Structure formats: structure tokens, C-alpha cells
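Trainee: Here you go, one structure.
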Amino acid sequence: MTGQRMAIFEAVFKESSHFTAEELLDKARLIDRTVSRATVYRTLPILVESCLVREVDIGTNLKYYMPNKEQGSHQAQVICNDCQKIFEIPAPFMEWYGSTVSAKLGLTPISQRLQVTASCQEYQAKGFCSKDKTIESSASA
964 MTGQRMAIFE AVFKESSHFT AEELLDKARL IDRTVSRATV YRTLPILVES
1014 CLVREVDIGT NLKYYMPNKE QGSHQAQVIC NDCQKIFEIP APFMEWYGST
1064 VSAKLGLTPI SQRLQVTASC QEYQAKGFCS KDKTIESSAS A
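If you count the sequence shown from 1, you need to add 963 to reach my numbering.
Following this line, the structure appears as C-alpha cells:
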């Protein structure tokens, strides 16, 4: 375990929301300025494979990640189509549903996910969304 990987690990588990690899790189560099982009991109698959981090694909050219702090709890993602914010909500029914549907077909579930894409009512009414990451970033700059 290198110092760079420790910084990446620390940065991951300080997060409470979804992040991209590039956002993780920036946060890890605040802990250890020597963290390289290559190390972040090599470490993320290891963290995902070991179930320490969940990879979330929302159908864009970016992958999002989130620390898997609650092992075994099923989560559904609701993605705002306007600001691209990803919300996680508990979905305890997913385990039962996946097992039931699979069993009817004589299969065993390996993984499952539930994603809902929605429009932001605030964006529709005001033309902007206070949850938009780009607005938050530019407001703090």
C-alpha cells in the first residue's frame, strides 16, 4: 500500500456523494500532492472489485463512484436529467424482487440495479437547479 493509494482511500471515504475519477484525483491531491492520475485510474477498479466503492453508470461518458459504506444495503439511484445529480435512496425490496424473478426462471441473481431518470421541478420552474454541481462550483469560486 503506497502513500498515494492511502491518500486515494482517505479521499474516497471522506466523500458522502458521488464523484468522478477526476474529482477524486483533485481531492486526493489535497491530501498528497504526488497522487498521479494513473494511480487513481488503476486504484478505482481495485476498490470496486473489493466492494469498497460502487461504480454508478448513468449512461453518459463518465462513470461515477461512491464509497460503499453500507455493505449489503440495496440502493436505487434517481438521476436528475437537468443537473445530473445522483440521489441514492434505500430500496430494500430489490433483493426480494431480484431473487423472486430469477428463481422463476431457474436463475440466481448476481447483481441488480434500479435507476430512475427524472426532471427537476426547480429547474423547470426557475431555469436553474440549486443542486447542480456546476452552479455550486461557480458560486464558491
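Note that CB positions come from ideal geometry on N, CA and C, so glycine has one too. Treat the numbers as computed from the prediction; the structure is a model and nothing was measured.
Quick one: is PHE982 buried, meaning 16 or more other Cβ sit within 10 Å of its Cβ, or exposed?
Mentor: When all chains shown are included, PHE982 counts as buried.
Trainee: Give the single residue among SER1074, LEU1068 and ARG968 whose Cα lies nearest to the Cα of LYS990.
Mentor: ARG968
Trainee: Would you grab the beta carbon distance between LEU1010 and VAL975 for me? Rounded to a whole angstrom, and I think it's under 8 Å.
Mentor: 7 Å
Trainee: Tell me whether GLN1047 sits in a helix, a strand or coil according to DSSP, three-state version.
Mentor: coil
Trainee: What separation, rounded to the nearest whole angstrom, lies between the Cα atoms of ARG992 and THR1006?
Mentor: 14 Å
Trainee: Please determine, among ALA1088, GLN1038, THR1002 and GLN1087, the residue with the shortest C-alpha to C-alpha distance to GLU1018.
Mentor: GLN1038
Trainee: Based on the DSSP secondary-structure assignment, which residues constitute the bridge partners of ALA991?
Mentor: Beta-bridge analysis with DSSP links ALA991 to no other residue.
Trainee: DSSP on ALA1054, reduced to helix/strand/coil?
Mentor: coil
Trainee: Is VAL998 helix, strand or coil by DSSP?
Mentor: coil
Trainee: If you run the structure through DSSP and keep just helix, strand and coil, what is GLN1078?
Mentor: strand
Trainee: Which one of ARG1000, CYS1043, LEU1077 and LEU1068 has the shortest CA to CA distance from PRO1055?
Mentor: LEU1077
Trainee: At what residues does the alpha helix (DSSP H) containing LYS1089 begin and finish?
Mentor: 1084 to 1089
Trainee: Alpha carbon to alpha carbon, how far is CYS1092 from ILE1042?
Mentor: 13 Å
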